[in-house]
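J.: Residue numbering for the sequence shown is 309 to 454, as defined by the working numbering. Below is the structure I would like to discuss, written out as structure tokens.
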Amino acid sequence: MFLGTYEPRLDDKGRLILPARFRDELAEGLVITKGQERCLYVWPIAEFTRIAEQLGRAPVTSKAARDYMRVLYAGASDAVPDKQGRVLVPQPLRDYAGLDRDSRDCVVIGTNTRVELWAAETWHDYLAEQERSFAVLSEEVLPGLI
309 MFLGTYEPRL DDKGRLILPA RFRDELAEGL VITKGQERCL YVWPIAEFTR
359 IAEQLGRAPV TSKAARDYMR VLYAGASDAV PDKQGRVLVP QPLRDYAGLD
409 RDSRDCVVIG TNTRVELWAA ETWHDYLAEQ ERSFAVLSEE VLPGLI
């Protein structure tokens, strides 16, 4: 399970140093994809394979499924972290998430089965907005569970 918030920086080559707590689970390999709200998803290879199998069961006649899979897979990049726990984030994915050469500050968050990588400014803006409605959302998302 991936938990917590970390604020690393991308290095000059566009590599992310994975938080130490995430490295064991990602050591066998990972897949980086475009995520929602302009973040990147970092999936352990086994979890990405599970998601891909589920998506593969979607009917080919579903335009929404085709569109989603095209964007997901076309931008995906697989990698194995090096011995220092670094992984290259390809330029097109950095561009999508706003991780540009001027600001390599980023935020890495654990979201249970995946990791999300955000441009620091984008994350802080998103979090400020979402924290306002967090208490109300718990009643909608988890009715009767908490």
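Backbone N, C-alpha and C define an ideal beta-carbon position, used for all residues, glycine too. The structure presented is a predicted model; accordingly, all values stated were derived computationally and were not measured.
First and last residue of the alpha helix (DSSP H) that includes residue 386?
T.: Where residue 386 is concerned, there is no enclosing alpha helix (DSSP H), although the beta strand (DSSP E) it sits in stretches over 385–387.
J.: If I'm right that residue 413 touches residue 346 with Cβ under 8 Å, what's the distance once you round it to whole angstroms?
T.: Actually they are not in contact, since the Cβ atoms of residue 413 and residue 346 sit about 15 Å apart, beyond 8 Å.
J.: Write down the C-beta distance between residue 393 and residue 326 rounded to the nearest angstrom, noting that I regard them as a contact closer than 8 Å.
T.: About 4 Å separates the two Cβ atoms, so the contact holds.
J.: When DSSP labels each residue in this structure, what does residue 397 get in the three-state scheme?
T.: coil
J.: Could you tell me which residues DSSP pairs with residue 425 in its beta bridges?
T.: 348 and 416, per the DSSP bridge assignment.
J.: Return helix, strand or coil for residue 371, following the three-state DSSP convention.
T.: helix
J.: Pull up the DSSP beta-bridge partners for residue 310, would you.
T.: 420
J.: Alpha carbon to alpha carbon, how far is residue 449 from residue 380?
T.: 25 Å
J.: Who does residue 323 pair with in a DSSP beta bridge?
T.: 396
J.: Please check the pair residue 443 and residue 426, which I expect to be a contact at CB under 8 Å, by giving their CB distance rounded to whole angstroms.
T.: That belief does not hold up - the Cβ atoms of residue 443 and residue 426 are roughly 22 Å apart, past 8 Å.
J.: From the DSSP output, in three-state form, read off residue 317 for me.
T.: strand
J.: What does the Cβ neighbour count give for residue 361, buried or exposed, with the cut at 16 atoms within 10 Å?
T.: exposed
J.: What does the alpha-carbon distance come out to for the pair residue 377 and residue 365?
T.: 12 Å
J.: With DSSP as the reference, label residue 338 as helix, strand or coil.
T.: strand
J.: Taking C-beta to C-beta, are residue 363 and residue 351 nearer than 9 Å?
T.: no
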